[in-house]
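S.K.: This is the structure, below, for whatever I ask next.
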């Protein structure tokens, strides 16, 4: 049996009418309250923001991507540099994924929508082979052939040294049939056992590993996969894989998974994180979210605004050209408070990096404000009211 | 007679064996000590750095470029937004140039080396016409025809609202003959008078204007132009135009200009600012410098390092791949102190904006440290020793 003496998850408050809950998640690098949002520092950096700017935006936890880091600069180098925390100068809690999602999403992220069911299937040109042992793909850095196995994914994540790890799984796309999805899920379960065995060999209390619920859009498969994760010595549970092509399908997938997972472990929802998603999936029992959109939207000129229908404004809209008002004076961070929309409009139009930096810090701070308010609203049993405040 | 009641320049200490001096330059937005360095916020933003990050790097004064801002977002818009200080959220002293240098350097900066004598002449494709009235050029934003006159340059700078302004001048290139340079210089003197007349019409004490010494590499012309600036009611003197093709020619130009300029006015050297230049030209009586290189070099992976022969290291050199040491622990700013060279190497190789941000803050902080040490060394009469410490 694997124990996690330096980790803990306590549920402190449960909503009376949904699975929403407030908890505390303890890691060797600190305690965070849940529900919370894990910001993506894909290549060991948050796009356009320094660690100090992330802390200023009241960020609790970040993640980095195993897939990108194993290719550049490599897990051995990061281990030699003292691990990801020291490398990035981030001393708070951190998560790494297993690399699986990116390997199975074409190596460049272009199949991400396909896995999420938002587009038709197409060839995955960088993925060369999937077998029981693992998979082989081509590096986007130098086109070399790379093998990734469950044991390899755990070894790399051990060298990276994040607090929270993910098992290696096959991320099944939307267009495959149920039979393929079932066989894929079963392999992910065998891979999960191999991950735990490899994890246990080196376990020193510094890391905790999550099992991942697969099973596509099929309720019966999701239940089997969820029960599998509950049965094994994972620290937490993640919900991954194909979530369907619509909001309704996605909700059904989560609703059919959560009742069968371990009730006392933290639940992470992989790669989802618009404001509407936070409200929907907190109610279904999700404790942590991650998504690239707060910083990716920033690079496209979009700012999350509390109460704005549609969640974001696009600062490059001509109506902001002479707008004296700040992005959002309610958000206590320089980016949201100290610059006019007209200035940020100018920066984005002129291609100035500072524009992206301002929008990125604003979006991160806004999502962190959202998560603080969500936690308080669950405690106060007023999540519906809060959702109206945020979603207009 | 134009008076500058809200401005002052006091020389507090003079070196016994050179023209080096320590002074205080008072503007409506604060007092700075000189010699000092004015960092380029070309399009109303320092590349990759926020105002807070500039202040953290102990920056005293910045500039913005009239040429870029008149085209995008336009001086009227910035005036409507309350002026550049408010627009950029920079509350310290600020300078704008007249737009002349960029108009005469092809609209894209590609003739800058030509003006500085570093390349052979070529066609200036965006400059359409130079007459006594002013010049006409094509906008790099929308290809429209734009007229810029001495009066127009002052009006735009008045709307931008910086503390320190520059007269409009023709920036003569290197390859023209002495006769052309002389006629150009004489026109710049007439343009200077028109600038002062226009400036005086609206003068309310908020701005101070610099005359610019032209005359190419010709000692007699430089003397005439210097004497002209001293004779008129400029607040300060700038040294501009073609400075020759070598360090020796550049030094000769400054050495032949400074003895003839007004002895009690601050002296700005336009567009020059490597470490070796600071030491050479402080000795010749320069009080302020400006140059894009601290932030431009950062975008190319280069970091100024005190004592490093050649002034900069390039962080993308393979020898830094596993280097645990910070850029420079002597520089008291997060960018210089809190990240390993190996991490910054990775960020630049991976194309992460954070890498540029770190190098930019480090370079700005290092140049500010240099200027503080230069001022102290002049006071202590040990500039030669300090130069050895910096230049190795």
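Chains as they are written, first to last, in the working numbering: chain F, 1 to 392; chain H, 1 to 392.
Ideal Cβ placement from N, Cα and C applies to all residues, glycine included.
Is residue 62 (chain F) close to chain H, meaning its C-beta is less than 8 Å from at least one C-beta of that chain?
M.R.: In the first chain, residue 62 (chain F) corresponds to position 62, counting from 1. Chain H, which has no Cβ nearer than 8 Å to the Cβ of residue 62 (chain F), makes this no.
S.K.: Need the endpoints of the beta strand (DSSP E) that residue 40 (chain H) sits in, please.
M.R.: If you number the second chain from 1, residue 40 (chain H) lands on position 40. Residue 40 (chain H) -> beta strand (DSSP E) spans 36-40.
S.K.: Counting only beta-carbon separations shorter than 8 Å, does residue 73 (chain H) have a partner in chain F?
M.R.: Within the second chain, numbered from 1, the residue matching residue 73 (chain H) stands at position 73. Cβ-Cβ to chain F under 8 Å: yes for residue 73 (chain H).
S.K.: Using DSSP with H/G/I as helix, E/B as strand and the rest coil, what is residue 1 (chain F)?
M.R.: Your numbering for residue 1 (chain F) matches position 1 in the first chain. For residue 1 (chain F), the three-state secondary structure derived from DSSP is coil.
S.K.: Per DSSP, what kind of secondary structure is residue 9 (chain H) in: helix, strand or coil?
M.R.: Within the second chain, the letter at position 9 stands for residue 9 (chain H). In the structure shown, residue 9 (chain H) sits in a strand (DSSP, three-state: E or B).
S.K.: Would the stretch 240-258 of chain H count as touching the stretch 69-79 of chain H if we require 3 or more Cβ pairs under 8 Å?
M.R.: Between the stretch 240-258 of chain H and the stretch 69-79 of chain H, the count of C-beta pairs closer than 8 Å stays below three; the two stretches do not touch.
S.K.: Going by DSSP, what residues sit across from residue 290 (chain H) in a beta bridge?
M.R.: By 1-based counting over the second chain, the position of residue 290 (chain H) is 290. Partner(s): H:38.
S.K.: Would you say residue 322 (chain H) reaches chain F, if we count a Cβ-Cβ gap shorter than 8 Å as a contact?
M.R.: For this step, residue 322 (chain H) is matched to residue 322 along the second chain. For residue 322 (chain H), the answer is yes, since a Cβ of chain F falls inside 8 Å of its Cβ.
S.K.: Three or more C-beta pairs closer than 8 Å, one from the stretch 264-278 of chain H and one from the stretch 342-361 of chain H: is that the case here?
M.R.: no
S.K.: Give, in chain order, every residue of the stretch 319-352 of chain F whose Cβ lies closer than 9 Å to some Cβ of chain H.
M.R.: 321, 322, 324, 334, 335, 338, 339, 340, 342, 343, 345, 346, 347, 349, 350, 351, 352
S.K.: Of all the residues that make up the stretch 134-165 of chain F, which are near chain H by a beta-carbon distance shorter than 9 Å?
M.R.: none
S.K.: Rounded to whole angstroms, what's the CA-CA distance from residue 7 (chain H) to residue 162 (chain H)? Just pull it up for me.
M.R.: Here residue 7 (chain H) refers to the residue found at position 7 of the second chain. Here residue 162 (chain H) refers to the residue found at position 162 of the second chain. Approximately 13 Å, taken between the alpha carbons.
S.K.: Between the stretch 331-347 of chain F and the stretch 28-38 of chain F, are three or more C-beta pairs nearer than 8 Å?
M.R.: Contact between the stretch 331-347 of chain F and the stretch 28-38 of chain F is absent, because fewer than three Cβ pairs lie under 8 Å.
S.K.: Closer than 8 Å, CB to CB, is residue 184 (chain F) near chain H or not?
M.R.: If you number the first chain from 1, residue 184 (chain F) lands on position 184. Not a single C-beta of chain H is nearer than 8 Å to the C-beta of residue 184 (chain F).
S.K.: Are residue 34 (chain H) and residue 64 (chain H) closer than 8 Å when you measure CB to CB?
M.R.: Along the second chain, one-based indexing puts residue 34 (chain H) at 34. Along the second chain, one-based indexing puts residue 64 (chain H) at 64. No.
S.K.: Specify whether the stretch 204-216 of chain H and the stretch 165-177 of chain H touch according to this definition: at least 3 beta carbon pairs, one from each stretch, less than 8 Å apart.
M.R.: With three or more CB-CB distances shorter than 8 Å, the stretch 204-216 of chain H counts as touching the stretch 165-177 of chain H.
S.K.: Would you decide whether residue 183 (chain H) is buried or exposed? Buried here means 16 or more other CB atoms lie within 10 Å of its CB.
M.R.: Numbered from its first residue, the second chain carries residue 183 (chain H) at position 183. Its Cβ having fewer than 16 others within 10 Å, residue 183 (chain H) is exposed.
S.K.: Quick one: measure Cβ to Cβ for residue 159 (chain F) and residue 76 (chain F), integer angstroms, because I've assumed they're closer than 8 Å.
M.R.: Counting from 1 along the first chain, the entry for residue 159 (chain F) is found at position 159. Counting from 1 along the first chain, the entry for residue 76 (chain F) is found at position 76. Between residue 76 (chain F) and residue 159 (chain F) the Cβ distance is about 7 Å, and since that is below 8 Å, they are a contact.
S.K.: So, using beta-carbon positions, are residue 241 (chain H) and residue 268 (chain H) closer together than 8 Å?
M.R.: Walking along the second chain from the start, residue 241 (chain H) turns up at place 241. Walking along the second chain from the start, residue 268 (chain H) turns up at place 268. For residue 241 (chain H) and residue 268 (chain H), no; Cβs fall outside 8 Å.
S.K.: May I ask which residues mark the beginning and end of the alpha helix (DSSP H) holding residue 85 (chain H)?
M.R.: Residue numbering aside, residue 85 (chain H) sits at position 85 when the second chain is read from its first letter. From DSSP, the alpha helix (DSSP H) with residue 85 (chain H) extends over 84-88.
S.K.: Does the stretch 290-300 of chain F come close enough to the stretch 42-53 of chain F that 3 or more CB-CB pairs lie under 8 Å?
M.R.: yes
S.K.: Can you have a look at residue 131 (chain H) and say buried or exposed, based on whether 16 or more other CB atoms are within 10 angstroms of its CB?
M.R.: Working through the second chain from its first residue, we reach residue 131 (chain H) at position 131. It is exposed - the Cβ of residue 131 (chain H) has fewer than 16 other Cβ atoms within 10 Å.
S.K.: Might you give, ordered along the chain, the residues of its own chain that have their beta carbon closer than 7 Å to the beta carbon of residue 91 (chain F), omitting 5 neighbours on each side?
M.R.: Locating residue 91 (chain F) in the first chain gives position 91, counting from the first residue. In its chain, beyond the 5 residues on either side, 29, 85 have a beta carbon closer than 7 Å to the beta carbon of residue 91 (chain F).
S.K.: Verify the CB distance criterion: does residue 81 (chain F) have a CB-CB separation below 8 Å to chain H?
M.R.: To locate residue 81 (chain F), count along the first chain from 1; it is residue 81. Judged by the 8 Å Cβ criterion, residue 81 (chain F) is in contact with chain H.
S.K.: Are the stretch 367-382 of chain H and the stretch 368-375 of chain F touching by the rule of at least three beta carbon pairs closer than 8 Å?
M.R.: A contact between stretches requires three or more CB pairs, one per stretch, nearer than 8 Å, and the stretch 367-382 of chain H fails this requirement with the stretch 368-375 of chain F.
S.K.: Nearest to residue 324 (chain F) by alpha carbon, out of F:18, F:343, F:335?
M.R.: Reading the first chain from its first residue, position 324 is the one you call residue 324 (chain F). Out of F:18, F:343, F:335, F:343 has the C-alpha closest to the C-alpha of residue 324 (chain F).
S.K.: If I'm right that residue 154 (chain H) touches residue 198 (chain H) with Cβ under 8 Å, what's the distance once you round it to whole angstroms?
M.R.: Numbered from 1 along the second chain, position 154 holds the residue referred to as residue 154 (chain H). Numbered from 1 along the second chain, position 198 holds the residue referred to as residue 198 (chain H). Contact holds; Cβ gap of about 4 Å.
S.K.: Taking the DSSP output, what are the residues bridged to residue 138 (chain H)?
M.R.: What you label residue 138 (chain H) is simply residue 138 of the second chain in a count that begins at 1. In the DSSP output, where bridge partners are listed per residue, residue 138 (chain H) has H:145.
S.K.: How about residue 98 (chain F): is its C-beta nearer than 8 Å to some C-beta of chain H?
M.R.: Counting from one through the first chain, the residue named residue 98 (chain F) turns up at place 98. With 8 Å as the cut-off, residue 98 (chain F) does not count as an interface residue toward chain H.
S.K.: If I measure Cβ to Cβ from residue 270 (chain H) and keep anything under 6 Å in the same chain, skipping five residues before and after, which residues do I get?
M.R.: Here residue 270 (chain H) refers to the residue found at position 270 of the second chain. 238, 240, listed in sequence order.
S.K.: Taking the beta carbon of residue 118 (chain F) as the centre, do at least 16 other beta carbons fall within 10 Å, making it buried, or is it exposed?
M.R.: Here residue 118 (chain F) refers to the residue found at position 118 when the first chain is read from its first residue. With a pLDDT of only 48 at residue 118 (chain F), under 50, the local geometry of the prediction cannot be trusted, and the value read off the model is given with reservation. Counting other Cβ atoms within 10 Å of its Cβ, residue 118 (chain F) stays below 16 and is therefore classed as exposed.
S.K.: How would you label residue 150 (chain H), buried or exposed, when you count the other beta carbons within 10 angstroms and need 16 or more for buried?
M.R.: In the second chain, the residue the question calls residue 150 (chain H) occupies position 150. Flag for residue 150 (chain H) reads buried.
S.K.: In this structure, how does DSSP classify residue 30 (chain F) when only helix, strand and coil are distinguished?
M.R.: The residue you call residue 30 (chain F) lines up with position 30 of the first chain. Strand, per DSSP.
S.K.: Answer with yes or no whether the minimum CB distance from residue 126 (chain H) to chain F is below 8 Å.
M.R.: In the second chain, counting from the first residue as 1, residue 126 (chain H) sits at position 126. Answer no: the Cβ-Cβ gap between residue 126 (chain H) and chain F never drops below 8 Å.
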